[in-house]
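Before any comments, here is the structure.
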Amino acid sequence: MELRYPRSFLGLLLVGFFIVALPLIAGLVSNAFSIEKLSEQSQKAVYNATLATQNARQLAGLSLAMERSGRFYAVSGDRDLIETYKQSRESFLKLSNEFMALPLTAEMRGAAEVVLQRENEIFSALTRRSPTPDLAKQLERDFSDLSQRTQSLNTLASQLIDQEVAALRASSVKSRNQVFWQLLAMIPSALLMIAGFTYLLARPIRDLDAAIHRLGEGKLAKRIHVSGPHDIEMLGEQ
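Each number in the working numbering corresponds to the 1-based position in the sequence shown with 105 added.
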């Protein structure tokens, strides 16, 4: 099958440069997408982990505010303290819902659900029972347990940041290895294409060189034929 050359030698050069550069362009585009994806994942992961840590700390602070209101009510019987507790509880529940909406681990989600359950039990006891020394002792135990659970939730949220950082490191290593193997695969393919286009470029020049030598030696019996781009063929005919 006869090779079909572009109409000009310059066109052949441009096609050669484009095809040889094509794997490099594809590799650069692929790497750019990988880096952009990694950057987006890192920003999102760090943001979510930081937000989870902030929410966990705020939950611990609200838990202490509710404890003060609840235990003071059990001692003094002041109903205004119940309203103060409800206001803190409203913020506590809102923040808990925001926390649960984050992409949490199964352990963190389970711990948050237990915190909500324990707080609901405390609120139920606080609103159903009259202020007595027994209620004060029970609230002391219950709030101590709730405080430990919120602190544990804060610890898990801090560990989530470390986990996200480790995952980002793994993704970074994976992307770096991917770039390395892409470059390693592009080198032989580029060399093969360079060799192929070197042959295509050298062939018409070689034919012209041979034709000039034949003319110089006076061998005019055989018709000169130069294959290649149109302008090179025209030169061969001339």
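In this text, a Cβ means the ideal position worked out from N, Cα and C, and glycines have one as well.
I think Gly175 touches Leu251, with their Cβ atoms under 8 Å apart; what is that distance to the nearest whole Å? About 10 Å separates the two Cβ atoms, so there is no contact after all.
What separation, rounded to the nearest whole angstrom, lies between the Cα atoms of Thr255 and Arg214? So the two alpha carbons sit approximately 12 Å from each other.
Helix, strand or coil for Leu244 per DSSP? The answer is helix: DSSP assigns Leu244 an H, G or I state.
Judging by CA-CA distance, which residue of Ala230, Ala262, Ile337 and Ala315 is the nearest neighbour of Phe248? Looking at the Cα atoms, Ala230 is the closest of the given residues.
Three-state secondary structure (DSSP) of Pro208: coil
Neighbourhood of Val125 by C-beta distance below 8 Å, restricted to the same chain and skipping five residues each side: The answer, listed in chain order, is Ala295, Met298, Ile299 and Phe302.
C-beta neighbour in chain C for Phe228, strict 8 Å: Among the protein chains of the structure shown there is no chain C, as only one such chain exists.
Can you name the start and end residues of the alpha helix (DSSP H) that Ile337 belongs to? His335 to Glu342
Leaving out five residues before and five after Leu313 in sequence, what residues of the same chain have Cβ atoms less than 6 Å from its Cβ? Val331
Cβ-based neighbour list, Thr158, same chain, cut-off 8 Å, excluding 5 preceding and 5 following: Asn259, Ala262, Ser263, Leu265 and Ile266
Out of Ala307, Phe177 and Ser276, which has the shortest C-alpha to C-alpha gap to Ser142? According to the sequence as given, residue 142 is Lys; it is not Ser. Nearest C-alpha to Lys142: Ser276.
Among Leu289, Leu118, Leu325 and Pro236, which has the Cα closest to the Cα of Asp185? Pro236
Which runs of the alpha helix (DSSP H) at least 4 residues long sit entirely within the region 148-223? Give them in chain order. 185-205
Using DSSP with H/G/I as helix, E/B as strand and the rest coil, what is Pro236? coil
So for Gly116, helix, strand or coil by DSSP? helix
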